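Heads up: the sequence shown is residues 1 to 666, going by the UniProt record's numbering. Using N, Cα and C, we set each Cβ at its ideal position, and we do this for glycine too. Keep in mind the model is a prediction, meaning the values are calculated, not measured. Scroll down for the structure; my scribbles are underneath it.
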Amino acid sequence: MNDPTIGASPTVPHPRTAPLPLPPASAPPAPEGAELGDELTDAYWATWDGEASRTSMWRIVGRLPAISRRVLQMAWRADARATLAVIVLQLGSAVMAAFGLLASIGVLQALFAQGATPDRIRAAVPSLALVAGLLMFRAVLDAGVALYQARLTPKIRRIVEMDFLHLTAHVRLEAVDDANWADDSSRANDRGLYYARQSITQIIELASAMLGLIGAASVLTVVHPLLLPLLLASVIPQGLASVRSARMRFLSQVRYSTLQRRIRLFTWLLLDRTAAAELRSSTAQPALLGEHERIARRIEEEDTRLGRAEAGTALAGRAIGGLATGLTYAALALMTMAGWLPLASGGGAVLAIRASQGTLTRIVLATHYVYEHALWVDDLLTFLAKCRTLLPRRTGRSAPGKVKTITVDHVEYTYPDGKKPALNGVSMELTAGSTVAFVGANGSGKSTMSKLLAGLYEPTAGTISWDGTDVLELDAESVQAQVAMVLQDPVEWPLSALANITISTGTITEADPERAHRAATASGADRVIAGLPQQWTTPLSKRFKDGEELSGGNWAKFAVARGLYKDAAVLLLDEPTASMDPRAEHAAYTAVLRGHHRTDRITILISHRLASVIECDQIFVFQDGRIIENGDHTSLMEQNGEYAQMFTLQAAAYQTDTPSRKGECG
Ligand SMILES: Nc1ncnc2c1ncn2[C@@H]1O[C@H](COP(=O)(O)OP(=O)(O)OP(=O)(O)O)[C@@H](O)[C@H]1O
């Protein structure tokens, strides 16, 4: 290398920010004194969190019909026949229950009538037979409800889950970047999906209990109209207690999901294979176990606090309810003694009261569950609705399969939770057939620029145009389809070797054999595949039988092969060879920059190893979200600016005769 600057004493660039103060001697791993869940309350994505627990009970009860309607719509969508069958059978069962009660009163009336005992028993037989018949028929109808319900609930689960996964997998990348996304999606995944399935069961139970009550209440009203308000007074306190505990539980769950996410993170760090070696060599187990225990204790406290509060509320409700029940029976006794009610009707009233009490308790419980589950279903539906607003833009116009020029004009980009712009007025022109490099310090904006070019983010200001068309006029996913990205930390897909290459074109089952072979050969993955027991079809994960684990460098070869297989108009490589050995790196660069070079492709390389960008037609030097220099290697070296300094610094590390480096090792 004839560059005059090589070998000169390298200078480290001066820091551009204010000097960093010393760190504190100790720092809590997470906000220590903060109230549980506080960190969620101000979150952009979670402004509605806990809203339901702050809403009045009447408003929530008022929302129940709408939520029931939504759940029934879900059920209808899942299986209209089963939904209809459940409704009809349920109605039939309730009618049978009401007739059963009437028939039971008929039995009592026959038994308490005047006359000889055998005659009274004989007179009661038809009503007894009717009671038995109705009971059996009701059992058959209830079995039918259970059968159709068993068919319905898994379908609802599948449909809602597919909706959830479809939306979450498609929302714009910046939504996923949002710090609250994980909380919201895990709450929807863990609870919302579960309760969406549960709520149909509870709504059926509520409807059944309500229909039962209407039947029993009609009988009670026939016996004496005063008995109904007395009965209601005995169960309302219990109902209020249930509603109160449901509200407490919901609020607690919102806090819980933050803690659960945090504790899962520590569980994962303690269990995960990829962290295992570093965990041990850092002897970090006690520190992580300590943090795990700290969170576990907070979960334990939250559980205990909630359990205690619920028990207290339930006790108060039942004490008042018991008192009211006693009063109801006393009133019934007085009415019978005063002769307002014949003895047979009094006996019938006790039966009706018992039945109504049981039914009312079911209603209270079912309302409690429907209400609690509805909050979670609402939570899930709100999340899904939000996801729908975050889907990639659709304009009805697709990106072309080829592009001659990409023009980046004064582009700015600030991450949703970013304090300052990650890109601040970047302009460049990229032409088909050229190879371009982005270089610069960590955090200077290179990866952000590449994600904007890949259509994963939209500029906050400025434009990116493809042959004069602003990309915002094109369907976002069609732009993404024309850009192949090889990322810094490629995904190690636990799929077959072949699927690890074809997935870049959106398939894990179909392949173009010739193209796959070419891409594997160019990236160096061919030799890795040749050494696998089942070659192309070997699963690349130890989680599967006969699965194989690859080294970091070999995974990187697959990532490059994926990028090449996509054969897109733009190929973006973000530090693709950092973990490859020198020969593999050389081969990959040769393939990408020369051998496998589609003449109409724009190839963009992000690299900290400046030796690999020498051949690029254009090099853009990033600093603090701006481009401070650009040109080819020779012109940048002549400028003797940032690039030349960085290059010289790296090159010096390879100069064995540099006096300053002599004797540094050992
Ligand atoms: N998902 C994100 N959310 C918020 N800020 C981000 C995100 N990704 C990057 N940033 C910030 O944007 C700025 C630019 O980051 P970027 O990853 O583009 O830099 P880079 O030049 O590629 O760095 P490196 O060389 O370390 O890969 C940095 O300040 C970084 O902290």
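Inset, instruction - With a 10 Å radius around its C-beta and 16 neighbouring C-beta atoms as the bar for buried, classify Leu20 as buried or exposed. - result: Along the sequence shown, one-based indexing puts residue 20 at 20. Flag for Leu20 reads exposed.
Legend entry - Cβ-based neighbour list, Gln482, same chain, cut-off 6 Å, excluding 5 preceding and 5 following: Locating residue 482 in the sequence shown gives position 482, counting from the first residue. Excluding residues within five positions, the ones whose Cβ falls inside 6 Å are Ala399, Ala568, Ala569.
Legend entry - For Ser282 and Leu269, the rounded distance between their alpha carbons: One-based indexing of the sequence shown puts residue 269 at position 269. One-based indexing of the sequence shown puts residue 282 at position 282. Cα to Cα, Leu269 sits roughly 13 Å from Ser282.
Inset, instruction - In angstroms with no decimal places, state the Cα-to-Cα distance between Asp79 and Arg157. - result: Counting from 1 along the sequence shown, the entry for residue 79 is found at position 79. Counting from 1 along the sequence shown, the entry for residue 157 is found at position 157. When rounded, the distance between both Cα atoms is 12 Å.
Inset, instruction - Classify His224 as helix, strand or coil using the three-state DSSP reduction. - result: Here the question's residue 224 lines up with position 224 in the sequence shown. It is coil, neither helix nor strand.
Legend entry - Three-state secondary structure (DSSP) of His166: In the sequence shown, the residue the question calls residue 166 occupies position 166. The answer is helix: DSSP assigns His166 an H, G or I state.
Legend entry - DSSP bridge partner residues for Asp409 (one or two, in chain order): Numbered from its first residue, the sequence shown carries residue 409 at position 409. In DSSP, Asp409 forms a bridge with Thr463.
Legend entry - Proximity test, Ile606 beta-carbon vs ligand 2 heavy atom, cut-off 8 Å: Ligand 2 is not part of this structure, which contains only ligand 1.
Inset, instruction - Pick out the complete alpha helix (DSSP H) segments inside the stretch 448-497, 4 residues or longer, and give them in chain order. - result: 476-481
Legend entry - Assigned exposure category for Leu193 - 16 Cβ within 10 Å defines buried: Here the question's residue 193 lines up with position 193 in the sequence shown. Answer is buried; the Cβ neighbour count reaches 16.
Legend entry - Collapsed DSSP secondary structure at Arg626 in the structure displayed: Sequence index remark: in the sequence shown, residue 626 carries index 626 (1-based). If DSSP states are grouped into helix, strand and coil, Arg626 belongs with the strands.
Legend entry - Meets three-Cβ-pair contact criterion under 8 Å: the stretch 200-218 and the stretch 94-110: yes
Legend entry - Nearest-angstrom Cα separation, counted from Met136 out to Gly347: Position 347 of the sequence shown, counting from 1, holds the residue named residue 347. Position 136 of the sequence shown, counting from 1, holds the residue named residue 136. Gly347 and Met136: Cα-Cα distance of roughly 24 Å.
Legend entry - CB of Ala124 within 9 Å of CB of Leu111, strictly: Residue 124 sits at position 124 when you count from the first residue of the sequence shown. Residue 111 sits at position 111 when you count from the first residue of the sequence shown. Yes; because the gap between Cβ atoms is below 9 Å, this pair is in contact.
Inset, instruction - State the Cα-Cα distance for the pair Ala196 and Trp376, rounded to the nearest angstrom. - result: Counting from one through the sequence shown, the residue named residue 196 turns up at place 196. Counting from one through the sequence shown, the residue named residue 376 turns up at place 376. Between Ala196 and Trp376, the C-alpha separation is close to 8 Å.
Inset, instruction - State yes or no: is the C-beta of Tyr415 nearer than 8 Å to some heavy atom of ligand 1? - result: As a working mapping, residue 415 is identified with position 415 in the sequence shown. Answer for Tyr415: yes, Cβ within range of ligand 1.
Inset, instruction - Along the beta strand (DSSP E) that carries Val570, what are the first and last residues, could you check? - result: In the sequence shown, the residue the question calls residue 570 occupies position 570. That run of the beta strand (DSSP E) goes 570-574.
Inset, instruction - Could you tell me whether the Cβ atoms of Ser444 and Gln488 are closer together than 9 Å? - result: The sequence position of residue 444 within the sequence shown is 444, counting from 1. The sequence position of residue 488 within the sequence shown is 488, counting from 1. No, Cβ-Cβ distance for Ser444 and Gln488 is not below 9 Å.
Legend entry - Status (buried if at least 16 other CB within 10 Å, exposed otherwise) for Glu35: Here residue 35 is taken as the residue at index 35 of the sequence shown, counted from 1. The predicted position of Glu35 is uncertain, since its pLDDT is 43 and thus under 50; a value taken from the coordinates is nonetheless stated next. Exposed, since its Cβ has fewer than 16 Cβ neighbours within 10 Å.
Inset, instruction - Verify the CB distance criterion: does Thr460 have a CB-CB separation below 9 Å to chain B? - result: No chain B is present in this structure, which holds just one protein chain.
Legend entry - Classification of Ser199 by the beta-carbon crowding that lies within 10 angstroms, buried from 16 upward: By one-based count along the sequence shown, residue 199 stands at place 199. By the 10 Å Cβ count, Ser199 comes out buried.
Inset, instruction - Look up Gln618 in the DSSP assignment and give the residues it is bridged to. - result: Counted from its first residue, the sequence shown places residue 618 at position 618. Partner(s): Val436.
Legend entry - N-terminal and C-terminal residue of the alpha helix (DSSP H) that Ile508 is part of: Here residue 508 corresponds to residue number 508 of the sequence shown, with the count starting at 1. Where Ile508 is concerned, there is no enclosing alpha helix (DSSP H), given that its DSSP letter is neither H nor E.
Inset, instruction - Starting from Ile503, trace the beta strand (DSSP E) both ways and give me its first and last residue. - result: Here residue 503 refers to the residue found at position 503 of the sequence shown. Here Ile503 belongs to no beta strand (DSSP E), and DSSP marks it neither H nor E.
Legend entry - Segment limits, alpha helix (DSSP H) that includes Val426: For this step, residue 426 is matched to residue 426 along the sequence shown. Looking at the DSSP string, Val426 is not in any alpha helix (DSSP H); the run it does join, the beta strand (DSSP E), is 423-431.
Legend entry - Contact under 9 Å by Cβ, Ser93 with Leu130: Numbered from 1 along the sequence shown, position 93 holds the residue referred to as residue 93. Numbered from 1 along the sequence shown, position 130 holds the residue referred to as residue 130. No. Outside cutoff.
Inset, instruction - Keeping to the same chain, check which residues put their C-beta closer than 8 Å to that of His517; ignore five residues upstream and five downstream. - result: Here residue 517 corresponds to residue number 517 of the sequence shown, with the count starting at 1. Excluding positions up to five away in sequence, the list reads Asp526.
Inset, instruction - Taking only the alpha-carbon atoms, compute the straight-line gap between Ile508 and Leu610 and give it to the nearest angstrom. - result: The count along the sequence shown starts at 1 and reaches residue 508 at position 508. The count along the sequence shown starts at 1 and reaches residue 610 at position 610. When rounded, the distance between both Cα atoms is 35 Å.
Inset, instruction - Following the continuous alpha helix (DSSP H) through Thr603, name the residue where it begins and the one where it ends. - result: Translated into the one-based positions of the sequence shown, residue 603 becomes position 603. No alpha helix (DSSP H) holds Thr603; the beta strand (DSSP E) holding it covers 602-606.
Inset, instruction - Please report the residue range of the alpha helix (DSSP H) in which Gln639 lies. - result: One-based indexing of the sequence shown puts residue 639 at position 639. Note, Gln639: alpha helix (DSSP H), 633-639.
Inset, instruction - Please confirm whether any heavy atom of ligand 1 lies closer than 8 Å to the CB of Lys402. - result: Here residue 402 corresponds to residue number 402 of the sequence shown, with the count starting at 1. Every heavy atom of ligand 1 is 8 Å or more from the Cβ of Lys402, so no.
Legend entry - Distance between Tyr371 and Leu64 (C-alpha atoms, nearest Å): Numbered from 1 along the sequence shown, position 64 holds the residue referred to as residue 64. Numbered from 1 along the sequence shown, position 371 holds the residue referred to as residue 371. Rounded to whole angstroms, Leu64 to Tyr371 spans 7 Å at the Cα level.
Legend entry - Simplified DSSP assignment, three categories, for Pro539: Taking the sequence shown and counting its residues from 1, the one referred to as residue 539 is at position 539. Of the three classes helix, strand and coil, the one that applies to Pro539 here is strand, per DSSP.
Inset, instruction - Look at the alpha carbon of Ala314 and the alpha carbon of Tyr256, and state the distance between them as a whole number of angstroms. - result: Taking the sequence shown and counting its residues from 1, one reaches residue 314 at position 314. Taking the sequence shown and counting its residues from 1, one reaches residue 256 at position 256. Cα to Cα, Ala314 sits roughly 22 Å from Tyr256.
Inset, instruction - Output the residue ranges of the alpha helix (DSSP H) runs that lie fully inside the stretch 47-130 and measure 4 residues or longer, sorted by chain position. - result: 51-54, 57-78, 80-112
Inset, instruction - Quick one: give me the first and last residue of the alpha helix (DSSP H) that Asp581 is part of. - result: Walking along the sequence shown from the start, residue 581 turns up at place 581. Asp581 -> no alpha helix (DSSP H), and no H or E assigned at all.
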